[in-house]
Amino acid sequence: QNYIKLVKAKIAKLEDEEELEEIRQFQAQVRKHDDSKPSEVKKEDANKVKAKEVIIPSDWFINREEFDFTEVEILRAFMGLHKWTQMGEKEKTFVPWPRGATVRLHSLNSKTHNGMMGKIRGYDPRTQRYGVELDDEGGKFKLKEANLLRILTDDEKWQIQEQKRIAEEEAKAANSKDGMTDERCMLEYEVTAKLDQRQRHQRESLNRSKAVFFSPTNEGNADRKKPVRLNGIKGVIGRVT
């Protein structure tokens, strides 16, 4: 991701509007070839960009062999044509499945391995394929996400259910307060806070060998006492014992 950041920084420094316009035109032309092989992008297009002195810094090639990038792939990344980060568009974040996740193979041309289970051993962002090691020494494969079905653990299922439950409760609470006045919303908030505080005090007291009494945070502060309305009955919240 470092070279993408360098690309953005360098493009931001190009103040010549005519030069920026030519770069945008080149981007549009390369996008037409986005589904084609990298070698099909015309060399004269690459030379045209280099002629405008939009040159890739030499220090970007230090780890080039390690990642096995082609000239056109580096050029496309430099020009802001990375799949997840494009110039003029909102940056998108892709989070691959974690290493060690359990998956099942499916929809492969070779029916032999369909249905087999394996573990994720890595992700190659260049080819957009996962490295999968099959169980029982069934071999190693590089497969697209479309050919993998992730099997969730019990903990992952619980986390998803918990997130769904919290989201539903928040949505329900927001809908129930749509017709409330500000006074009623504030009253509900204060009463709920008092009940939560008392329940916490009771739990902490039961966890000790002897009873412990806690004072509310607003004890002794008369300025914090506010008149409230509960089902038509007026009163004053005083100290909690």
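For the sequence shown, the working numbering assigns the number 0 to the initial residue and increments by one for each residue that follows.
The C-beta atom is built at its ideal place from N, Cα and C for all residues, glycine as well.
These numbers come from a predicted model, not from an experiment.
Is residue i helix, strand or coil when you go by DSSP?
i, result
"L151", "coil"
"L194", "helix"
"K118", "strand"
"R103", "strand"
"K139", "strand"
"R128", "strand"
"N62", "Residue confidence is low: N62 scores 39 on pLDDT, short of 50, so the model does not pin down where it sits. No coordinate-derived value is stated."
"E161", "helix"
"T84", "Bear in mind that the predicted position of T84 carries a pLDDT of just 41, short of 50, making it too unreliable to give a figure here."
"S109", "coil"
"K47", "Only weak support exists for where K47 lies, its pLDDT of 46 falling under 50; the value from the coordinates is given anyway. Residue state, collapsed to three classes: helix."
Rounded to the nearest angstrom, how far is the Cβ of residue i from that of residue j, given a contact under 8 Å?
i, j, result
"L147", "L104", "7 Å"
"D154", "K141", "That pair is no contact at about 28 Å."
"Q127", "K139", "The Cβ separation is near 17 Å, so there is no contact."
Do residue j and residue i have their beta-carbon atoms positioned less than 9 Å apart in this structure?
i, j, result
"G117", "E132", "yes"
"R98", "G121", "yes"
"I119", "V94", "no"
"G130", "H112", "no"
"A145", "S109", "no"
Taking residue i as part of the beta strand (DSSP E), name the residues at either end of that continuous run.
i, result
"F93", "Segment: none, F93 is in no beta strand (DSSP E) and carries neither H nor E."
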